[in-house]
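Undergrad: Residues in the sequence shown are numbered consecutively from 4, following my numbering. First, the structure itself, so that you have it in front of you.
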Amino acid sequence: MVKRKTAITGLSRFLAEATKSSELESHPPESAVENGVQVTTAASEVEVAASEELKHRVDAPSADTRPAKKPRLQAGLLGEGLEKYDATGLVPFYTDPSQVPEHLQKYFFQRERYFSKYSSGCLLDEEGWYSVTPERVADQIAERCRCDVILDAFCGVGGNAIAFARTCERVIALDVSPIRLALARHNAALYGVQDRIEFVLADFLSFARGLQTIPRTGTETNATRRKIDVVFLSPPWGGPSYIAGSPLKGQAPSSAQAVPEDGGDDTHAEFGLSSIRPIHGHDLFKVARNITRNVAYFLPRNTNLDEISQLIADDPAEKVEVEEEWMGSKLKALTCYFGGLASGQEATFDD
Ligand code: MGP
Ligand code: SAH
């Protein structure tokens, strides 16, 4: 019996589940090989375009002070026909830097990198602002992950899930935060892809355990046991301070973090997989690999490459491909492709 999972189909249902869940705890590609890890480069040429802001949409004070006969429903950011997905009011919709708290300003200035449709009404909460995958990067990853069914195990406010909806037949998007799940669905509706994504309020670890409890009858087919082709992992890295690195046990720095010759300020301490949440990044990978060998793992740009190669140390024949996600001259993150997602291993995708 499949462990019960909750597909959110309406706001009221969503809120009921939210209460219940409180216990849920291009440049042309370049490549280099080091320590069995192939590193490729993907660049998203993006400039933040000046945007037409929709200042009138939210909380615009009415000049008309006459008492209305009936209170009028305020149109949400999504407009008519999409009310059931509309999360307007759940978090502020910032349209001007003066509205944005100091510590979120740098993210606000990149808003159209995160969502090109930001000014049409995309919504992000604090963790969403500092964790969302920029749209061009998400598109690049989604192209690499093209498949029938993808599991976005940590969907956040939907940056990746929306991109996957364009390249995959079906997206299962999990998050333990009912707020972020609602924001993800709102944002997906703004992009017109909400029907291709199943939003599930769930802890990935419980969800994965649930998949293991499906009885193997020997007669099952993909129709009776849902097959997940790819698992995408973009877990919490421990907050914006991830860039300061994390303690590593007796490991020398890898070349990805070598000091630049110009002594620039882009040198950071290494990030260790032990800082990944909700469990050690190594264990999280193993959980995903119990579902499928095709895993894409979104990690900090200062991640220790030796730790990445150790993830597949038990199979000397396997390679991992590490893709650098560049935006202009800035390295934003790494995406590590395993199994049939790695270049040269495509033939193993259906194994
Ligand atoms: P960043 O370095 O915090 O932002 O994150 P930025 O604007 O490049 O900072 P700067 O000061 O170096 O200019 C870079 C990217 O990493 C973000 O755009 C997110 O896509 C991603 N990211 C950051 N964090 C803290 C997380 C996280 O905790 N989880 C996930 N999945 N992605 C994150
Ligand atoms: N890729 C996303 C950002 C993910 S941020 C985007 O582009 O928007 C990481 C997310 O993992 C957060 O929203 C957090 O609520 C969620 N999360 C944390 N622990 C989780 C767990 N055990 N299971 C599922 N989601 C979890």
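Backbone N, C-alpha and C define an ideal beta-carbon position, used for all residues, glycine too.
1. In the DSSP assignment, the beta strand (DSSP E) including Arg173 goes from what residue to what residue?
2. By how many angstroms is the C-alpha of Arg183 removed from the C-alpha of Phe78?
3. Indicate, with yes or no, if the ligand MGP has a heavy atom lying under 7 Å from the CB of Gln215.
4. By the three-class DSSP mapping on this structure, what secondary structure does Lys333 have?
5. Buried or exposed, going by whether 16 or more other CB atoms sit within 10 Å of the CB of Gln102?
6. Alpha carbon to alpha carbon, how far is Pro281 from Pro238? Give it in angstroms, no decimals.
7. Terminal residues of the continuous alpha helix (DSSP H) containing Ile144?
8. Is the region 85-92 touching the region 187-198 in the sense that three or more CB pairs, one from each, lie closer than 8 Å?
9. Name the residue from Asn163, Tyr340, Gln215, Gln113 whose alpha carbon lies nearest to the alpha carbon of Leu177.
10. CB-CB under 8 Å to Lys335, same chain, minus the five flanking residues each way: which ones, in chain order?
11. According to DSSP, is Glu2 helix, strand or coil?
12. Does the distance between the C-beta of Leu177 and the nearest non-hydrogen atom of the ligand SAH fall short of 7 Å?
13. Provide the residue(s) that pair with Glu129 in DSSP beta bridges, ordered along the chain.
14. Please classify Leu276: does DSSP put it in a helix, a strand, or coil?
15. Tell me the residue span of the alpha helix (DSSP H) that contains Phe288.
16. Name the residue from Val233, Gly331, Ile246 whose alpha carbon lies nearest to the alpha carbon of Phe288.
17. Within 10 angstroms of the Cβ of Phe235, are there 16 or more other Cβ atoms? Answer buried if so, exposed if not.
18. Indicate the three-state DSSP secondary structure (helix, strand or coil) for Ala45 in the structure shown.
19. Please state whether DSSP places Val167 in a helix, a strand or coil.
20. At a Cβ threshold of 8 Å, is Ser277 touching chain B?
21. Can we say the region 296-315 touches the region 339-354, given the rule of at least three CB pairs closer than 8 Å?
22. First and last residue of the beta strand (DSSP E) that includes Asp309?
23. From this set, Asp155, Gly275, Gly195, which residue's C-alpha is nearest Ser244's C-alpha?
24. For the ligand MGP, I want to know if Pro100 counts as a neighbour, meaning its beta carbon is within less than 7 Å of at least one of the ligand's heavy atoms.
25. Report the three-state DSSP secondary structure of Glu321 (helix, strand or coil).
26. On the three-state DSSP scale, how would you describe Ala299?
27. Can you give the Cα-Cα distance for Glu130 and Gln313, rounded to whole angstroms?
28. Using three-state DSSP, classify Thr338 as helix, strand or coil.
29. Could you tell me which of Phe202, Leu80, Arg149, Gln113 sits nearest to Ala345, measuring between CA atoms?
30. The alpha helix (DSSP H) that contains Ser207, what's its start and end?
31. Given 7 Å as the limit, tell me if Phe274 has its C-beta closer than that to any heavy atom belonging to the ligand MGP.
32. Name, in chain order, the residues that DSSP records as bridge partners for Asp155.
33. What are the start and end residues of the beta strand (DSSP E) that includes Ile200?
34. Between the Cα of Arg173 and the Cα atoms of Arg199, Tyr97, Ala185, which residue gives the shortest distance?
35. Counting C-beta neighbours from all protein chains within 10 Å, is the total for Phe112 16 or more, i.e. buried, or is it exposed?
36. Could you give the distance in angstroms between the alpha-carbon of Leu57 and the alpha-carbon of Lys120?
TA: Here's the rundown:
1. Translated into the one-based positions of the sequence shown, residue 173 becomes position 170. Segment 171-178, the beta strand (DSSP E) holding Arg173.
2. By 1-based counting over the sequence shown, the position of residue 78 is 75. By 1-based counting over the sequence shown, the position of residue 183 is 180. Looking at the sequence provided, one finds Ala at residue 78 rather than Phe. Looking at the two C-alpha atoms, the distance is approximately 21 Å.
3. For the purposes of this step, residue 215 is identified with residue 212 of the sequence shown, where counting begins at 1. Because no heavy atom of the ligand MGP lies under 7 Å away, the Cβ of Gln215 does not count as near it: no.
4. Start at 1 with the first residue of the sequence shown, and residue 333 comes out as number 330. Strand at Lys333.
5. Mapped onto the sequence shown, residue 102 falls at position 99. So Gln102 counts as exposed.
6. To locate residue 238, count along the sequence shown from 1; it is residue 235. To locate residue 281, count along the sequence shown from 1; it is residue 278. The straight-line gap from Cα to Cα measures roughly 8 Å.
7. Position 141 of the sequence shown, counting from 1, holds the residue named residue 144. Where Ile144 is concerned, the enclosing alpha helix (DSSP H) stretches over 138-147.
8. yes
9. Translated into the one-based positions of the sequence shown, residue 177 becomes position 174. Taking only the C-alpha atoms, the option nearest Leu177 is Asn163.
10. Counting from 1 along the sequence shown, the entry for residue 335 is found at position 332. Around Lys335, the same chain offers Pro137, Val140, Arg304, Glu328, Trp329 as residues with beta carbons nearer than 8 Å, after the five sequence neighbours per side are excluded.
11. Absent from the model: residue 2. The displayed extent of the chain is 4 to 354, so no value can be given.
12. Position 174 of the sequence shown, counting from 1, holds the residue named residue 177. Yes.
13. Looking up residue 129 in the sequence shown gives position 126. Bridge partners of Glu129: none, in fact.
14. Walking along the sequence shown from the start, residue 276 turns up at place 273. DSSP places Leu276 in helix when its eight states are reduced to three.
15. As a first step, residue 288 is located in the sequence shown; it is residue number 285 there, counting from the start. From DSSP, the alpha helix (DSSP H) with Phe288 extends over 284-292.
16. Numbered from its first residue, the sequence shown carries residue 288 at position 285. The shortest Cα separation from Phe288 among Val233, Gly331, Ile246 belongs to Val233.
17. Residue numbering aside, residue 235 sits at position 232 when the sequence shown is read from its first letter. Buried is the call here.
18. Here residue 45 corresponds to residue number 42 of the sequence shown, with the count starting at 1. Strand.
19. As a working mapping, residue 167 is identified with position 164 in the sequence shown. A quick correction: the sequence has Phe, not Val, at residue 167. Helix.
20. You won't find chain B in this structure, because it holds only one protein chain.
21. Verdict: yes, contact present.
22. In the sequence shown, residue 309 corresponds to position 306, counting from 1. Element bounds for Asp309: not the beta strand (DSSP E) but the alpha helix (DSSP H), 308-313.
23. Locating residue 244 in the sequence shown gives position 241, where the first residue counts as 1. Checked all of Asp155, Gly275, Gly195; the closest Cα to Ser244 is Gly275.
24. Reading the sequence shown from its first residue, position 97 is the one you call residue 100. Incorrect: Pro100 has no Cβ contact closer than 7 Å to the ligand MGP.
25. Here the question's residue 321 lines up with position 318 in the sequence shown. Correct three-state label for Glu321: coil.
26. Working through the sequence shown from its first residue, we reach residue 299 at position 296. Strand, per DSSP.
27. In the sequence shown, the residue the question calls residue 130 occupies position 127. In the sequence shown, the residue the question calls residue 313 occupies position 310. The alpha-carbon atoms of Glu130 and Gln313 are separated by roughly 29 Å.
28. Within the sequence shown, the letter at position 335 stands for residue 338. Of the three classes helix, strand and coil, the one that applies to Thr338 here is strand, per DSSP.
29. Here residue 345 refers to the residue found at position 342 when the sequence shown is read from its first residue. Nearest of Phe202, Leu80, Arg149, Gln113 to Ala345, Cα basis: Arg149.
30. Position 204 of the sequence shown holds residue 207. Contrary to the premise, residue 207 reads as Phe rather than Ser in this sequence. Here the alpha helix (DSSP H) through Phe207 covers 207-215.
31. Sequence index remark: in the sequence shown, residue 274 carries index 271 (1-based). Not under cutoff, so the answer is no.
32. Taking the sequence shown and counting its residues from 1, the one referred to as residue 155 is at position 152. Under DSSP, Asp155 shares a beta bridge with Ala176, Phe235.
33. Here the question's residue 200 lines up with position 197 in the sequence shown. That run of the beta strand (DSSP E) goes 200-204.
34. Stepping through the sequence shown from its first residue, residue 173 is reached at position 170. Nearest of Arg199, Tyr97, Ala185 to Arg173, Cα basis: Arg199.
35. One-based indexing of the sequence shown puts residue 112 at position 109. By the neighbour-count rule (16 or more Cβ atoms within 10 Å), Phe112 is not buried but exposed.
36. Taking the first residue of the sequence shown as position 1, residue 57 is located at position 54. Taking the first residue of the sequence shown as position 1, residue 120 is located at position 117. Here the model assigns Leu57 a pLDDT of 30, short of 50, so the residue's position is not dependable, and the following value carries that caveat. Going from the Cα of Leu57 to the Cα of Lys120 covers about 11 Å.
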